[in-house]
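For the sequence shown, my numbering assigns the number 5 to the initial residue and increments by one for each residue that follows. All C-beta atoms in this analysis are idealised placements derived from N, C-alpha and C, irrespective of residue type, glycine included. A quick write-up on the structure given underneath.
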Amino acid sequence: MALTTLADAFYHELCDIYHAEKQLTRALPKMAKRASSVELAKAFEAHLAETQEQILRVEAAFADTGKPPKAKKCEAMAGLIEEASSVLQEEADPEVMDAALICCAQKVEHYEIATYGTLCTWADKLGYKAAKQALGENLDEEESTDKKLTKLSKTVNRRAKAAASA
């Protein structure tokens with residue numbers, strides 16, 4: 005795909021985040037299963053439900069482009085998920101694993117925040133009002149999830165430090 009216009013770049017990145025979100029729906033259940041903290045497992049499960057809704061919003065955003073929804077392999081998300089999968093295979097104290105899982109999850113959130121922020125800016129410039137609205141909702145949810153993970157990390161990190169000291 006040639007990127008000769010901002011609309012081309014928008015569609016390209018929309019295809020990318022579409023695939024990224026789909027990859028995430030396969031990774032989050034594994035992360036929830038490995039979490040020892042009930043609160044963390046619930047956070048991953050809640051974000052899975054949000055992610056499924058986000059996929060629908062991304063599909064709706066495609067309508068403004070006049071092109072069909074299409075997934076283009078998101079190499080960035082694939083790398084982040086590969087890294088998380090590697091962490092999941094590690095032998096670790098449960099509390100330390102929870103801290104590591106939050107780290108992996110926040111890397112994903114920051115990638116998504118950057119992508120949705122750019123897409124919202126481009127949608128605004130291109131006059132894609134429905135896309136901007138839908139993708140803005142996704143951006144708000146990603147930022148909220150990141151804040152929830154930061155708050156949860158305070159307890160999880162304290163437990164991880166205490167476990168190492170014991």
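Alpha carbon to alpha carbon, what distance is there between Val160 and Glu99?
Residue mapping note: residue 99 aligns to position 95 of the sequence shown, counting from 1. Residue mapping note: residue 160 aligns to position 156 of the sequence shown, counting from 1. When rounded, the distance between both Cα atoms is 7 angstroms.
Checklist line | Cβ-Cβ separation, Ile117 to Val62 (assumed contact under 8 angstroms), whole Å | finding: Within the sequence shown, numbered from 1, the residue matching residue 62 stands at position 58. Within the sequence shown, numbered from 1, the residue matching residue 117 stands at position 113. Not quite, the Cβ-Cβ distance comes to about 15 angstroms (not below 8 angstroms), so this is no contact.
Exposed unless 16 or more other CB atoms sit within 10 angstroms - verdict on Ala103: Taking the first residue of the sequence shown as 1, we reach residue 103 at position 99. Label assigned to Ala103: buried.
Does Tyr132 come out as helix, strand or coil in the three-state DSSP assignment? As a working mapping, residue 132 is identified with position 128 in the sequence shown. Coil.
Give the list of continuous alpha helix (DSSP H) stretches no shorter than 4 residues that lie fully inside the region 75 to 152. 79 to 92 and 98 to 130
Handout entry: Endpoints, the alpha helix (DSSP H) within which Ala36 is located
Key = Reading the sequence shown from its first residue, position 32 is the one you call residue 36. Per DSSP, Ala36 belongs to the alpha helix (DSSP H) from Leu10 to Arg38.
- prompt: Between the C-alpha atoms of Ala80 and Glu25, what's the straight-line distance to the nearest angstrom?
  reply: In the sequence shown, the residue the question calls residue 80 occupies position 76. In the sequence shown, the residue the question calls residue 25 occupies position 21. Looking at the two C-alpha atoms, the distance is approximately 12 angstroms.
**Study point:** Ser193, buried or exposed, once every other Cβ within 10 Å from all chains shown has been counted against 16
**Key:** It is not possible to answer for residue 193, since the shown part of the chain is limited to 5 through 170.
**DSSP state of Ser157 mapped onto helix, strand, coil** = Here residue 157 is taken as the residue at index 153 of the sequence shown, counted from 1. Looking at Ser157 - three-state DSSP - the assignment turns out to be helix.
Cβ neighbours of Pro73 in the same chain (closer than 7 angstroms, five flanking residues each side left out): Position 69 of the sequence shown, counted from the first residue, corresponds to residue 73. Cβ neighbours of Pro73 beyond the five flanking positions: Tyr22, Glu63 and Phe66.
Using the Cα positions of Tyr120 and Gly140, report the straight-line distance between them to the nearest angstrom.
Residue numbering aside, residue 120 sits at position 116 when the sequence shown is read from its first letter. Residue numbering aside, residue 140 sits at position 136 when the sequence shown is read from its first letter. Cα-Cα distance, rounded: 7 angstroms.
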